[in-house]
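Participant: Below is the structure I would like to discuss, written out as structure tokens.
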Amino acid sequence: FDEGVARVATTVKIDDRRDKALTMKGKVNSVMRKLGH
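In case it helps, the UniProt record's numbering puts the sequence shown at residues 1 to 37.
See the structure below:
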């Protein structure tokens, strides 16, 4: 919005792996790493 853009489109894909055990904490950590946090 700082660049004068009136609209922003965002796509969020959510999937659930069934082939290995994952914890919610691990999933959140993975997303945070991908966001650069």
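Glycine included, C-beta positions come from ideal geometry on N, C-alpha and C. From a predicted model like this one, the values you see are computed outputs, not experimental measurements.
1) Span of the alpha helix (DSSP H) holding Lys34?
2) Taking the straight line between their C-alpha atoms, what separation do you get for Ser30 and Gly4?
3) For Thr10, I'd like the list of residues in its chain whose CB is within less than 6 Å of its CB, leaving aside the five on either flank, ordered along the chain.
4) Determine the direct distance from the alpha carbon of Lys34 to that of Asp2, and round the result to whole angstroms.
Facilitator: A quick look at the data gives this:
1) Secondary structure note for Lys34: its alpha helix (DSSP H) is the uninterrupted segment 24-34.
2) Between Ser30 and Gly4, the C-alpha separation is close to 32 Å.
3) The beta carbon of Thr10 sits closer than 6 Å to no other beta carbon from its chain once the five residues preceding and following it are set aside.
4) Here the C-alpha atom of Asp2 lies approximately 23 Å from the C-alpha atom of Lys34.
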